[in-house]
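Going by the numbering used here, the first residue of the sequence shown is number 175, and it counts up by one from there.
C-beta atoms are modelled at their ideal positions from N, C-alpha and C, and glycine is treated no differently.
Quick caveat, the model's predicted, so the values are computed rather than measured.
Taking it in order: structure first as structure tokens, then the write-up.
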Amino acid sequence: MRIHWFCLVLAAVFMTACHSSKDIKVLQFNIWQEGTVVENGFPAIVENIIALDPDLVTFSEVRNYNDVSFIPHLLSELEKHGVKYYGKESVSTGILSKYEIQSQEVVYPLKNDRGSVIKATIQIKGKEIVLYSAHLDWLNCSSYLPRGYDGCTWKKMEQPIVDVDSILADNRASFRDDEVRAIVEDARKEREQGRIVMIGGDFNEPSHLDWQADTKDIREHRGIVVNWDCSMLLAKDGYKDAFREIYPDPVAYPGFTFPANNPKVDLSKLAWSPEADDRERIDFIYYYPDRSIALKDIQVVGPEGSVLYGERTEKDLDSQDPIIAPTGIWPTDHKALLATFEVK
175 MRIHWFCLVL AAVFMTACHS SKDIKVLQFN IWQEGTVVEN GFPAIVENII
225 ALDPDLVTFS EVRNYNDVSF IPHLLSELEK HGVKYYGKES VSTGILSKYE
275 IQSQEVVYPL KNDRGSVIKA TIQIKGKEIV LYSAHLDWLN CSSYLPRGYD
325 GCTWKKMEQP IVDVDSILAD NRASFRDDEV RAIVEDARKE REQGRIVMIG
375 GDFNEPSHLD WQADTKDIRE HRGIVVNWDC SMLLAKDGYK DAFREIYPDP
425 VAYPGFTFPA NNPKVDLSKL AWSPEADDRE RIDFIYYYPD RSIALKDIQV
475 VGPEGSVLYG ERTEKDLDSQ DPIIAPTGIW PTDHKALLAT FEVK
């Protein structure tokens with residue numbers, strides 16, 4: 175009888191262990207030249223990370239100015255506040271983790287400062303997660319063409335370009351599709367090893383999910399449907415766009431991440447096409463479906479308003495996006511994304 179009871183206890187413990195899980199928060203954060211454009215921007219990065227308490231962070235626009243390595247400097251400042259993270263030196267993109275980073279590698283090298291991708295391997299709950307941090311090419315930003323602006327010079331053109339083939343040809347003149355292909359090819363090898371794959375980044379390119387028939391007549395899409403390359407490449411390989419998984423309606427939930435209405439910054443630095451509505455969702459968190467993880471939630475982080483037609487908005491009236499207000503100063507012209515996953 176005692177043996178039988180002992181076996182039942184062991185079975186209960188085993189089942190509890192098998193079904194235990196942990197929530198992890200992933201933050202995608204473009205920090206706008208390490209926060210240097212905004213007064214007290216670097217301390218604001220520190221404060222917002224502490225307030226948001228992410229487990230994993232993917233950074234865009236790491237520069238290592240004045241021979242000071244950004245990631246080690248940030249780790250040191252966080253530790254002064256009693257907050258422990260891990261990270262390794264990097265350029266253009268960066269990764270922070272509450273868990274020790276087993277390895278970090280460059281996936282796509284810098285090409286004249288036109289984009290980079292790194293990856294880090296991290297173990298959580300006995301599962302290996304490979305996290306990619308991407309800051310894709312910032313030139314040939316072809317979503318400006320239908321708005322009547324050049325995507326390299328941001329000068330106003332004589333008329334908008336609405337021919338989809340011409341728009342995609344311009345888009346492919348960037349390195350963005352090359353960079354995403356590098357992620358897809360590298361991540362296939364990681365998935366073959368049974369690892370969970372997540373991607374965070376500033377893509378400098380919209381998603382095809384936001385440029386279909388339901389949005390073609392709003393936000394200066396000029397009546398066109400565009401299957402943007404990077405999001406299509408990821409979708410075809412099976413990746414899920416975390417924001418669109420939770421909020422599939424791009425009309426009610428546009429998920430704008432750029433340009434953010436940062437009240438600490440002169441409007442001229444925020445309005446890239448001052449006679450157009452160029453609001454876009456260009457920051458993303460993607461993941462590959464796996465039985466070991468489940469997406470629970472995602473929110474936009476940053477100022478509630480945006481910039482359109484050269485003016486600030488306190489709130490985007492055409493958006494129901496869930497937004498987490500920043501702590502104190504917001505250090506960037508982008509809004510961030512904070513996703514919560516359950517790791518089983």
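Query	Result
Which stretch, first to last residue, makes up the alpha helix (DSSP H) that contains F417?	A416 to I420
Candidates I275, V291 and H508: which alpha carbon is nearest V281's?	V291
By how many angstroms is the C-alpha of R369 removed from the C-alpha of K329?	45 angstroms
Please list the terminal residues of the continuous alpha helix (DSSP H) segment that includes K254.	F244 to K254
Would you check if the distance between the CB atom of E353 and the CB atom of L310 is smaller than 8 angstroms?	yes
DSSP three-state call for K438: helix, strand or coil?	coil
From C326 to N378, what does the alpha carbon distance come to, in whole angstroms?	12 angstroms
Pull up the distance between the alpha-carbon of K254 and that of E221, whole angstroms please.	12 angstroms
I need the straight-line Cα distance from S250 to T295, nearest angstrom please.	22 angstroms
Compute the Euclidean distance between the alpha carbons of I398 and L383, then round it to the nearest angstrom.	13 angstroms
Quick one: Cα of D440 to Cα of M406, how far?	35 angstroms
Determine the direct distance from the alpha carbon of A343 to that of Q333, and round the result to whole angstroms.	18 angstroms
Is the beta carbon of Y273 sitting closer than 8 angstroms to the one on I298?	yes
Is Y318 helix, strand or coil when you go by DSSP?	helix
DSSP on N204, reduced to helix/strand/coil?	strand
Would the beta-carbon of R418 fall within 8 angstroms of that of P320?	no
So the candidates are D464, L201, S493 and Y483; which of them puts its Cα closest to the Cα of A426?	S493
I believe D507 touches A445 by the beta-carbon criterion, under 8 angstroms. Please report the beta-carbon distance rounded to the nearest angstrom.	Rounded, the Cβ-Cβ distance is 10 angstroms, inconsistent with contact.
In angstroms with no decimal places, state the Cα-to-Cα distance between L408 and W385.	16 angstroms
Return the first residue and the last residue of the alpha helix (DSSP H) that L511 is part of.	Unbroken run through L511 is the beta strand (DSSP E), A510 to V517; no alpha helix (DSSP H).
Under 8 angstroms by Cβ, that's how I've got W206 and P505 pegged, so tell me the actual separation to the nearest angstrom.	7 angstroms
Which of the three DSSP states is assigned to A153 in this structure?	Because the chain here runs from 175 to 518, residue 153 falls outside it and cannot be looked at.
Excluding sequence positions up to five away, which residues of its chain have a Cβ less than 8 angstroms from the Cβ of F430?	R453, E454, R455, V474, S480, D490, S493, D495 and K509
Find the nearest neighbour of S466 within the set G268, Q202 and K301, judged by alpha-carbon distance.	K301
Could you check the C-alpha separation between I224 and V231 for me, to the nearest Å?	12 angstroms
To the nearest whole angstrom, what separates the beta carbons of L313 and R288, a pair I think is in contact under 8 angstroms?	6 angstroms
Here's a check: name, in chain order, each residue in its chain whose Cβ is nearer than 7 angstroms to the Cβ of V517, leaving out the five neighbours to either side.	S195, K196, I198, I298, K299, K301, S466 and I467
Taking Cβ positions only, does L444 come closer than 8 angstroms to chain D?	In summary, chain D is missing from the structure at hand, where a single protein chain is found.
If I measure Cβ to Cβ from A499 and keep anything under 6 angstroms in the same chain, skipping five residues before and after, which residues do I get?	none
Could you compute how far the alpha carbon of S348 sits from the alpha carbon of S266?	17 angstroms
Consult DSSP for L230 and reduce its assignment to one of helix, strand or coil.	strand
Distance, Cα to Cα, L305 vs K293?	5 angstroms
Thinking just about the alpha-carbon of each residue, which of V242, I373, E394 and R365 is nearest to the one in L511?	I373
Quick one: complete beta strand (DSSP E) runs, 3+ long, within the segment 349 to 373?	none
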